[in-house]
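Engineer: Yeah, the sequence shown ends on 295 if you go by our numbering, and it's all consecutive.
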Amino acid sequence: MNHAISRNGNCVIKADGLAAGKGVTVVDNDDVERAITAIEQAMIQKVFGEAGKTVIIEERLFGEEASIMIFVDGEHYLIMPSSQDHKSIFDGDKGPNTGGMGAYSPAHMITPQMMQQIEDKIVKPNEEIDYHGVLYIGLIITADGPKVLEYNVRFGDPETQVVVPRIKNDIVPIMLACIDGTLDQHRLEIDERAAVCVVLASHGYPGKYEKGKVIDGLKYVRQIADSMIFHAGTKIVGGQVVTDGGRVLGATALGEDLAQAYDRAYQLAGLVDFQGKYYRTDIGQKALRHLNAR
Ligand code: GLY
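(1) What does the alpha-carbon distance come out to for the pair M81 and G205?
(2) Flag this pair as yes or no: are the beta carbons of E160 and S89 separated by less than 8 Å?
(3) Report the start-end ranges of each beta strand (DSSP E) in the region 182-213 that is 3 residues or longer and not cut off at the edges.
(4) Using 8 Å for Cβ pairs, my map puts A262 next to G271. What's the rounded Cβ distance?
(5) By DSSP, does L19 sit in helix, in strand, or in coil?
(6) What do you reckon, is the C-beta of G103 under 7 Å from a heavy atom of the ligand GLY?
(7) Hey, out of K23, A16, R35 and V25, whose CA is closest to A52's CA?
(8) So what's R295 in DSSP terms, helix, strand or just coil?
(9) Can the beta-carbon of G218 be found less than 8 Å from the beta-carbon of D274?
(10) Can you tell me whether S7 is buried or exposed? The criterion is at least 16 other CB atoms within 10 Å of its CB, across all chains shown.
(11) So the candidates are V197, M176 and G64; which of them puts its Cα closest to the Cα of H187?
(12) Assign F1 to one of two classes, buried (16 or more other C-beta atoms within 10 Å of its C-beta) or exposed (fewer than that).
(13) Tell me whether M176 sits in a helix, a strand or coil according to DSSP, three-state version.
(14) With DSSP as the reference, label T161 as helix, strand or coil.
(15) Could you compute how far the alpha carbon of I111 sits from the alpha carbon of V73?
(16) Comparing the CB of E257 with every heavy atom of the ligand GLY, is any distance shorter than 7 Å?
(17) Hey, A254 and D283: beta-carbon distance below 8 Å or not?
(18) Assuming S228 is part of the alpha helix (DSSP H), what are its boundary residues?
(19) Less than 8 Å between the C-beta atoms of L259 and T235, yes or no?
(20) So, are the CB atoms of M102 and H87 less than 8 Å apart?
(21) First and last residue of the beta strand (DSSP E) that includes H133?
(22) Under 8 Å: do the region 36-43 and the region 116-134 share three or more Cβ pairs, one atom per stretch?
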């Protein structure tokens with residue numbers, strides 16, 4: 002607590018355990034009260050359960066976040082296309098963090114030069130680690146270059162929904178090569194098109210929400226070019242698909258550019274329906290503004 006006060010806020014407070022991506026509070030300068038609330042919520046009210054028994058208070062970094070996932074076979078690696086998650090529940094990156102409300106790929110600030118820096122400074126130094134599988138690197142691109150926020154030994158969600166559709170290879174031989182240590186015999190064939198995924202969530206998420214709402218309009222995926230739906234929190238009851246989680250579906254589309262992928266994904270997000278459906282309306286918008294300004 003004293004550390005957060007001595008920093009006058011201006012820090013990031015993290016539950017030290019696994020909190021489904023929700024255990025992070027970014028505290029503005031001068032907002033000591035928010036820092037105290039975040040620490041109390043984690044350690045006293047135990048809103049993240051045991052995950053918040055210990056909290057970590059870190060320096061706050063400024064920049065845009067990006068996700069890089071790599072296939073690793075203990076010696077070699079293959080870098081997947083970049084992406085950007087949208088973690089806050091509300092448009093404009095407002096409100097509490099969620100597991101991710103949508104993503105797009107490629108991330109606009111990961112230019113070929115930036116990707117080279119990431120490879121040289123972050124990916125290559127990890128070559129020594131004898132790990133086989135998918136390594137997720139959560140980055141922030143600061144004025145001083147890319148910095149690592151987190152590593153996960155798994156695919157990212159919802160990043161995977163926009164990254165894997167851009168990989169043209171059959172992914173199974175790549176996975177097997179991760180196990181066998183033969184990734185050097187493969188290279189990724191990347192679809193140059195952009196992808197957008199809009200997460201359709203249950204009203205109330207990331208807080209309390211109801212389940213069991215009938216989902217209509219899944220058939221529209223067949224009418225919207227290059228679109229797909231990823232099921233997350235759904236189940237079948239009596240032959241009907243119903244909601245069964247906070248993040249229910251990922252309405253996803255590829256497009257010749259980000260604008261087309263955005264239009265297609267949002268067309269699908271509007272047509273698929275269930276009671277209490279909530280989604281952000283600005284997935285990839287910041288990137289579109291940057292790209293239009295170039
Ligand atoms: N989208 C963040 C994660 O998968 O950790």
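From the three backbone atoms N, C-alpha and C, an ideal C-beta is built for every residue, glycine too.
Structural biologist: Judging by the given coordinates:
(1) 33 Å
(2) no
(3) 195-203
(4) Incorrect: roughly 15 Å between the Cβ atoms, too far for contact.
(5) L19 carries a coil assignment under DSSP once its states are collapsed to helix, strand and coil.
(6) No, since every heavy atom of the ligand GLY falls outside the 7 Å radius drawn around the Cβ of G103.
(7) A16
(8) Coil, per DSSP.
(9) yes
(10) Result: exposed.
(11) Cα-wise, what sits closest to H187 is M176.
(12) Examination of residue 1 is not possible in this model, given that the chain is present from 2 through 295 alone.
(13) helix
(14) helix
(15) 21 Å
(16) no
(17) Contact: no.
(18) Note, S228: premise wrong, no alpha helix (DSSP H); beta strand (DSSP E) at S228 to H232.
(19) no
(20) yes
(21) H133 to T143
(22) no
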